[in-house]
Amino acid sequence: MMLASSKSLLTFLGLVCTFFLYTHDHFSTSPDDYAVPPSTTSEATIFDSKASTPQIALSSDNPSAPADFVPETTHRTGHVSEEMRPRILQATMMFGDQYIGLNERTLQSHVDHAKRWGYGNHVLRREIVGAGQWDKFIFSKVLHVQNLIIGELKRPREERAEWVIWYDADTLILNPNIKWEIFLPPDTFPDINFMATKNLDGFNAGLFFFRVDEWSVELLSDAYSLPRLRPEIDIAGNIEQNALKYLFGQEPHKKHIIYQPQAWYNGFKGDERAETEINGGDLLVHFAGINHDNEEEEKKELMSQWFAKIEAQPDEWEVPVEKTKYPGEIEAFWRTYKEAKDLLDTVHVRPDTQSGPDQDVKRARMS
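As numbered in mature numbering (1 follows the signal peptide of the UniProt record, and there is no 0), residues -18 to -1, 1 to 349 make up the sequence shown, in order.
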């Protein structure tokens, strides 16, 4: 009884703490929606994926802005037809002077990817909570994703996006031919609400998928509230990642979570302990594990090498999806998952059935 009360309190207080985030329409335009933080000029730095230097574009609220300028946050107002409804929203955050120069170009690769496939793209440019305090402001990631999901849930069902995808700003799209949709679960698995990858440390929060669902709102509320309401739980280090990891191991969340191969969309470069192989045709590379101030030059050099690679040989990286590993591996993944799930269902009797090995043993003992 006490556990149930504690869980309810955790969720309730988490929702109260985040209420201010969605008391206004999150699709309103603000200066932070564009490609760089506000400045005294109306210019935004936009990187051309084929150029080695940044190109300058005027912000979209300027009548002189070029027609192909795309703000980082896309907006939808009024009725949205089925054809125009984005199935995917992308989300990230980037603030702090030390990372602006490093990540603007990787960020632009996601802006271009979103523009190509019609995804909403939402970049958080200031801390929602805990300005200047790492163990607090990092939860802006959790709140940003939650806010987008709540915004979609306020819409009529037929107008909602279905998934929010978080990507760390130090991930670089290598093959824009790959759509996020190919990784989504088939309709036969409606209970899967979260997808991500694991590395040597387990769940990695560099890139993940949350379904637009009230389960996601509640879990993200619990993650944000965990350090205050359950201080005895050790989530030190990557605190927001560890909070999510802890909750994923609890009932009843397990059945809603699935992990996919890391090489599909979260391959690492930069962390020698956990680097993965990145091949032509792969969707992206994540420059993980080089985030300290004294490693900034090392990270800049590594990222510059990868920019040069994809610019020098675009055909090696921008492979048509049908010629990549993805169709075969993804089909095999979901087929194997279904087979394993069906096998488990034959071993463990569901509440709505009265057959299976467990019931056979029970009946034999009673006879």
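Ideal placement from N, C-alpha and C gives every residue a C-beta, glycine not left out.
Since we're looking at a predicted model, the values are computed, not measured.
- Taking 8 Å as the cut-off, the beta carbon of Asn129 is found no closer than this to the beta carbon of Glu300.
- If only complete runs of 4 or more residues are kept, the region 78 to 133 shows the alpha helix (DSSP H) at 79 to 99, 116 to 119, in order along the chain.
- When C-alpha distances from Lys320 are compared across Pro296, Asp216, Asp173, the shortest belongs to Asp173.
- The Cβ-Cβ distance between Ile70 and Ile221 does not fall below 8 Å.
- Look at the beta carbons and you see the region 271 to 290 not touching the region 138 to 150: under three pairs across the two are nearer than 8 Å.
- Boundaries of the beta strand (DSSP E) harbouring Thr153: 153 to 155, taken from the DSSP string.
- The distance from the Cβ of Asn103 to that of Val93 is about 6 Å, consistent with a contact at the 8 Å cut-off.
- If you check the CB distance, Tyr206 and Val105 do not come in under 8 Å.
- Pairing Pro138 with Lys291, the inter-Cα distance amounts to about 44 Å.
- Its Cα nearest to that of Tyr101, the residue Lys161 stands out among Phe77, Leu154, Lys161, Glu293.
- Around the beta carbon of Pro68, 16 or more other beta carbons lie within 10 angstroms, which makes this residue buried.
- Taking a 10 Å sphere around the C-beta of Glu196, we find fewer than 16 other C-beta atoms and assign the residue as exposed.
- Judged by DSSP in its simplified three-state form, Lys136 adopts coil rather than helix or strand.
- Linking Met75 to Ala96 through their CA atoms gives a straight-line distance of about 15 Å.
- Lys236 and Leu202 have their C-alpha atoms roughly 15 Å apart.
- Leu208 places its beta carbon less than 8 Å from that of Ile215.
- The beta-carbon distance between Arg108 and Phe77, rounded to whole angstroms, is 6 Å. This is short enough to meet the 8 Å contact definition.
- For Asn248, there is no enclosing alpha helix (DSSP H), as DSSP marks it with neither H nor E.
- Residue Asp297 holds the alpha-carbon nearest to the alpha-carbon of Gly263 among Glu254, Asp297, Phe289.
- When DSSP states are grouped into helix, strand and coil, Lys180 belongs to the strand group.
- Here Glu134 is buried, its C-beta having at least 16 other C-beta atoms within 10 Å.
- Per DSSP, Val146 is one residue of the beta strand (DSSP E) stretching across 145 to 149.
- Leaving aside the five residues that flank Leu229 on each side, the residues in its chain whose CB is nearer than 8 Å to its CB run, in chain order, Leu201, Asp204, Ala205, Leu208, His235.
- DSSP places Arg142 outside both helix and strand once states are collapsed to three, so it counts as coil.
- For Gln232, the three-state secondary structure derived from DSSP is coil.
- If you keep only unbroken alpha helix (DSSP H) runs of at least 4 residues inside the region 243 to 330, you get 244 to 247, 278 to 294, 296 to 299, 308 to 329.
- In this structure Asp152 is buried. Its beta-carbon is surrounded by 16 or more other beta-carbon atoms within 10 angstroms.
- Judged by DSSP in its simplified three-state form, Leu201 adopts helix.
- Proximity to Gln295 across Gly271, Glu278, Asn261 peaks at Asn261, based on C-alpha coordinates.
- Per DSSP, the beta bridge partners of Asn186 are Thr179.
- Counting along the chain, Thr74 sits inside the beta strand (DSSP E) bounded by residues 70 to 75.
- By the CB criterion at 8 Å, Tyr241 and Leu189 fall outside the cutoff.
- Note on geometry: alpha-carbon atoms of Glu293 and Asn157 lie some 12 Å from one another.
- Annotated three-state conformation of Arg212 is coil, per DSSP.
- Each residue's CA atom was taken as its position, placing Ala245 and Glu259 some 7 Å apart.
- Within the same chain, no Cβ atom closer than 6 Å to the Cβ of Phe289 is found once the five residues on either side in sequence are excluded.
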